Amino acid sequence: MELLEKLTVLSDAAKYDAACTSSGARRGKREGMIGCTSSSVAGCCHSFSADGRCISLLKVLMSNDCSYDCKYCVNRRSNDMPRVSFTPEELAELTIGFYRRNYIEGLFLSSAVLGSPDRTTELMIRALSLLRNEYRFNGYIHAKAIPGTSPELITQLGLLADRLSVNIELPSEASLKALAPNKTRSAILTPMRQISEQSAESKSELVKYRSAPRFAPAGQSTQLIVGASGESDRHILTLTQALYGRYRLRRVFYSAYVPVVENTLLPSVGTKPPLLREHRLYQADWLLRFYGFSADELLDDSQPDFDPRLDPKCCWALRHPEFFPVEVNHADYEALLRVPGIGVVSARRILVARRTGPLHIDDLRKLGVVMKRAQFFLTCSGSLATPLRLSQASVASNLMAIERASLPETEHEQLSLFDLTG
Amino acid sequence: MAWKEIIYQYDGSFEGLLCCIYESYTQKERPTTFLSDSDAEPCLYEIRMVPTVQEHTERIERSLIKLSPDVLPFLRRAFLTCLEDKELAIYNFIAKLYKEGSAYLTRLSDDDYQPLLRAVRHLTGEVEKLRGFLRFSEHGGMLSAEIEPENRVLPLLRSHFCERCHNECFFIYDRTHREALFYANGRSRIVPLDSFEPVPPNAEEEAYRKLWRRFYDTIAIRERENPRCCMSNLPKRYRGTMTEFQPENDAVQAFSAKDSPQQLIEAPP
């Protein structure tokens, strides 16, 4: 089959994977090698596809010839479609050709399960070592660790790649059993634990010896499918928090389930992917990682799912009137971060700017605070940003009105103002 | 006594601008406008040509470094931005800094500071984007690229691309500011260049462009299409020089680069 056709089939099969970042690894230039990843720790977006997602890596499968039969997946065994594989040479040449032209930052290599996880990983290792050693590629590589692979092979894979990831796929054991019968929770968590331990070990070795081998220097990430099974947002967020804490994951990605197959256990094919829910989960994910929130604060038993009409931070603020108003000129960094409309950057700027004198409302806008949200929650030198003392319900309706403009058309509905605060 | 108002003309370099500041403080003059060599025009006010003297530049540099080590790099960046009357903005900023001392640097919302901060942020954002959005073409082992930035980004893209492509030989042409960055064998230079005509792609280059376009089109999930998000992440003004937005035969890219609109209109269809 021609290379163009192969690329089409194998990138089409890989597109549902959300992870496409090139962050977290510093690989300086080396004589005789092609490329580096050191320019920016935050990674580099080379393009944005029509769905608005960043394209940073050449995201392809090694092969789509899968022996598993996961119900939600396009590559499942029972699906009738052309089956192709890249040869290691094709993959290496494609990566180098794209990299030199500044199309990509590196390679994202995943694969369907060819026979067994071990055999698949061996093929991936062969392709990656050809790329690293023969083609002298020094750019970013993100490799998928396939659940059930033996630890020795994971070690080899981690020494070639910058980042590894194991997909959790479904947020609970029960859903896995129903929808991905070949996968189990422990098969997924075992490599995850191994990667997190080895990565930490390699880091401490590197402190002692400069030339110690680097095992997955950019850490690991994972992905959850949202909306294919019945878990609540609270369940997903608590799981996320545990993954960040226990396995030191760099990122947890959420992927709104796009129905690709008709199955009684799954949402029907016409169903729209729950994009807004995915968006709210990402917002909450940011709150966990950068804003010092915990999962229990954002959601609890009485409210297991996010409100589609308001972002998680506003919801939290409305449920905690005792915390507000925050006095911008005295509050500490943590308190500033809890104000809707103030982010990490604007909070830092406030800390710097207030050193030389008290801030006024006009200053805040110049510092990048989103006043249309923040105005209800802060005071500046004792004076409120809004002249009126608003009731909780009217604050909620104001915030929703702001939010509504950015929501997709279908999300509009007649609101009852008192639902939220009641 | 109030300082005399005057127009300064300088050589268009950052060092030259620092000399204007030296001139202003030694002559007790307040510049109302700055002209660089290229945009000289007759005017009723007094225009003074300020020569660039290394000693004067260094004097100002020392005074700024004494206030904070971060000021000079910040001002160098500010000088590369497309801020309107950036020279005057930089002058006003430095004047205030001298008057108030280094504490002024924390007054992020000051009316003479904030526009500069915003302009530098715009510049930094553009550099960040172009690191990814720039597209090289290969001709006989040499890589070439064109960009159309709003700010003068080449000096800031220099270190990134020299490191990333350290074993290559490449050049980047800036259409807006008519200058080019050349790199070969570990050495790089930025030189003014009036025009640049891209070589038509060879078969291999054409094949890679085709592969990339196909990848770009395939990787999007149709059910999730989101033009607004795509547009805000990848604004239209960058797309003119990006491979994935050019039609298959690359005709558009070749035209806009080498012909002025006038020529295009006059050319027979």
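Chains as they are written, first to last, in numbering that gives the first Met the number 0: chain V, 0 to 421; chain F, 0 to 268. A virtual CB, placed ideally from N, CA and C, is assigned to each residue, including glycine. Owing to the predicted nature of the structure, the values given are computational and were not obtained by experimental measurement.
1) Could you tell me which chain V residues have their CB closer than 9 Å to the CB of K209/F, listed as they occur along the chain?
2) Can the beta-carbon of R134/F be found less than 7 Å from the beta-carbon of N101/V?
3) Quick test of your reading: F323/V and A330/V, contact by CB under 8 Å. State the CB separation rounded to the nearest angstrom.
4) Spell out the partners DSSP gives L142/F in its beta bridges.
5) On the three-state DSSP scale, how would you describe P30/F?
6) Quick check on I64/F - is its C-beta less than 7 Å from some C-beta in chain V?
7) Run through chain V and tell me which residues come within less than 7 Å of N225/F, C-beta to C-beta.
8) Of all the options A111/V, Q302/V, H319/V, I194/V, which has the alpha carbon lying nearest to the alpha carbon of P216/V?
9) So, are the CB atoms of A24/V and D161/V less than 7 Å apart?
10) What number of angstroms, rounded off, separates the C-alpha of L130/V from the C-alpha of I124/V?
11) Sorted by chain position, which residues of the same chain lie with C-beta nearer than 7 Å to L60/V's C-beta, five sequence neighbours on each side aside?
12) Return helix, strand or coil for L358/V, following the three-state DSSP convention.
13) Helix, strand or coil for Q8/F per DSSP?
14) Using the C-alpha atoms, what's the distance from F160/F back to G31/V?
15) Across which residues does DSSP place E178/F in a beta bridge pair?
16) With 7 Å as the threshold, decide whether the Cβ of F47/V is near any Cβ in chain F.
17) If you check the beta carbons only, do L280/V and Y246/V fall under 7 Å apart?
18) Express the C-alpha separation of A91/V and R127/V in angstroms, rounding to a whole number.
19) Exposed or buried, which one is F47/V when buried takes at least 16 other CB atoms within 10 Å?
20) Starting from the beta carbon of R157/F, find every residue of chain V whose beta carbon is closer than 8 Å, and list them in chain order.
21) Leaving out the 5 sequence neighbours to the left and right, which residues in its chain are closer than 6 Å to V268/V when beta-carbon positions are compared?
22) Note down the Cα distance separating K144/F from R26/V, rounded to an integer number of angstroms.
23) Taking C-beta to C-beta, are I89/F and A77/F nearer than 7 Å?
24) Just verifying my parser: in three-state terms, what is the DSSP assignment at Q53/F?
25) Can the beta-carbon of D110/F be found less than 7 Å from the beta-carbon of K95/F?
26) Does any CB atom of chain F fall closer than 7 Å to the CB of L6/V?
27) Just how far apart, CA to CA, sit F289/V and L335/V?
28) Would DSSP call M48/F helix, strand or coil?
29) Taking the alpha helix (DSSP H) that G131/F belongs to, which residues open and close that run?
30) In terms of DSSP beta bridges, what is K28/V paired with?
31) Rounded to the nearest angstrom, what separates L287/V and A294/V at their Cα positions?
32) To the nearest angstrom, how far is the alpha carbon of L406/V from that of P272/V?
33) If contacts are defined as beta-carbon pairs under 8 Å, then H121/F and N150/F qualify, I think. What distance do you get, rounded to the angstrom?
34) Taking the beta strand (DSSP E) that Q429/V belongs to, which residues open and close that run?
35) Check whether chain F comes within 7 Å of N328/V, counting only Cβ atoms and requiring the distance to be less than that.
36) Among R318/V, T94/V, R348/V, which residue has its Cα nearest to the Cα of E133/V?
From the atom records:
1) Taking the first residue of the second sequence as position 1, residue 209/F is located at position 210. Simply L3.
2) For the purposes of this step, residue 134/F is identified with residue 135 of the second sequence, where counting begins at 1. For the purposes of this step, residue 101/V is identified with residue 102 of the first sequence, where counting begins at 1. Cβ atoms of R134/F and N101/V: closer than 7 Å.
3) Position 324 of the first sequence, counted from the first residue, corresponds to residue 323/V. Position 331 of the first sequence, counted from the first residue, corresponds to residue 330/V. The pair is not a contact, with the Cβ atoms about 10 Å apart (cut-off 8 Å).
4) Within the second sequence, residue 142/F is the residue found at index 143, counting from 1. According to DSSP, which records beta bridges pairwise, L142/F is partnered with E137/F, F169/F.
5) For the purposes of this step, residue 30/F is taken as residue 31 along the second sequence, with counting starting at 1. Residue state, collapsed to three classes: strand.
6) For the purposes of this step, residue 64/F is identified with residue 65 of the second sequence, where counting begins at 1. So no, I64/F is outside the interface.
7) As a position in the second sequence, residue 225/F is number 226, starting the count at 1. By Cβ distance, chain V contributes D50, G51.
8) Here residue 216/V refers to the residue found at position 217 when the first sequence is read from its first residue. Residue I194/V is the option with its Cα nearest to P216/V.
9) Here residue 24/V refers to the residue found at position 25 when the first sequence is read from its first residue. Here residue 161/V refers to the residue found at position 162 when the first sequence is read from its first residue. Closer than 7 Å, so yes.
10) Against the first sequence, residue 130/V aligns to sequence position 131. Against the first sequence, residue 124/V aligns to sequence position 125. Straight-line Cα distance between these residues: approximately 10 Å.
11) As a working note, residue 60/V is residue 61 in the first sequence. Short of 7 Å from the beta carbon of L60/V, and not among the five residues preceding or following it, lie these beta carbons of its own chain, in chain order: L9, A12, A13, S109, S110, A111.
12) Here residue 358/V refers to the residue found at position 359 when the first sequence is read from its first residue. Three-state result, L358/V: coil.
13) Mapped onto the second sequence, residue 8/F falls at position 9. Three-state DSSP puts Q8/F in a strand.
14) Within the first sequence, residue 31/V is the residue found at index 32, counting from 1. Within the second sequence, residue 160/F is the residue found at index 161, counting from 1. G31/V and F160/F: Cα-Cα distance of roughly 16 Å.
15) Residue mapping note: residue 178/F aligns to position 179 of the second sequence, counting from 1. E178/F has D173/F, P191/F as its beta-bridge partners, per DSSP.
16) If you number the first sequence from 1, residue 47/V lands on position 48. Judged by the 7 Å Cβ criterion, F47/V is in contact with chain F.
17) The residue you call residue 280/V lines up with position 281 of the first sequence. The residue you call residue 246/V lines up with position 247 of the first sequence. It is not a contact, given that the beta carbons lie outside the stated cut-off.
18) Residue 127/V sits at position 128 when you count from the first residue of the first sequence. Residue 91/V sits at position 92 when you count from the first residue of the first sequence. Looking at the sequence itself, residue 127/V is Leu, so the reference to Arg does not match. One Cα belongs to L127/V, the other to A91/V, and the distance between them is close to 8 Å.
19) Your numbering for residue 47/V matches position 48 in the first sequence. It counts as buried.
20) The residue you call residue 157/F lines up with position 158 of the second sequence. In chain order: nothing, as chain V lies at least about 12 Å away.
21) Within the first sequence, residue 268/V is the residue found at index 269, counting from 1. So the list reads P258, E261, once near-sequence residues are dropped.
22) Within the second sequence, the letter at position 145 stands for residue 144/F. Within the first sequence, the letter at position 27 stands for residue 26/V. Note on residue identity: the sequence assigns Ala, not Lys, to residue 144/F. Computed Cα separation, rounded: 24 Å.
23) Numbered from its first residue, the second sequence carries residue 89/F at position 90. Numbered from its first residue, the second sequence carries residue 77/F at position 78. Their beta carbons are under 7 Å apart, which means I89/F touches A77/F by this criterion.
24) By 1-based counting over the second sequence, the position of residue 53/F is 54. Reduced to three states, the DSSP call for Q53/F is helix.
25) Along the second sequence, read from residue 1 onward, the residue named residue 110/F stands at position 111. Along the second sequence, read from residue 1 onward, the residue named residue 95/F stands at position 96. Taking 7 Å as the Cβ cut-off, D110/F and K95/F do not qualify as a contacting pair.
26) As a first step, residue 6/V must be located in the first sequence, where it is residue number 7. Yes, L6/V counts as interfacial toward chain F.
27) The sequence position of residue 289/V within the first sequence is 290, counting from 1. The sequence position of residue 335/V within the first sequence is 336, counting from 1. Roughly 13 Å between the two C-alpha positions.
28) What you label residue 48/F is simply residue 49 of the second sequence in a count that begins at 1. Looking at M48/F - three-state DSSP - the assignment turns out to be strand.
29) The count along the second sequence starts at 1 and reaches residue 131/F at position 132. Element bounds for G131/F: 113-132.
30) Walking along the first sequence from the start, residue 28/V turns up at place 29. Answer by DSSP bridge pairing: none, since K28/V is not bridged.
31) The residue you call residue 287/V lines up with position 288 of the first sequence. The residue you call residue 294/V lines up with position 295 of the first sequence. Cα-Cα distance, rounded: 7 Å.
32) By one-based count along the first sequence, residue 406/V stands at place 407. By one-based count along the first sequence, residue 272/V stands at place 273. Each residue's Cα considered, the two are about 15 Å apart.
33) Locating residue 121/F in the second sequence gives position 122, counting from the first residue. Locating residue 150/F in the second sequence gives position 151, counting from the first residue. Confirmed, Cβ separation roughly 7 Å.
34) Because residue 429/V is not part of the residues shown, which for chain V are 0 to 421, the question remains open.
35) Taking the first sequence and counting its residues from 1, the one referred to as residue 328/V is at position 329. Closer than 7 Å: no.
36) Indexing the first sequence from 1 puts residue 133/V at position 134. Ranking the options by Cα distance to E133/V, first place goes to T94/V.
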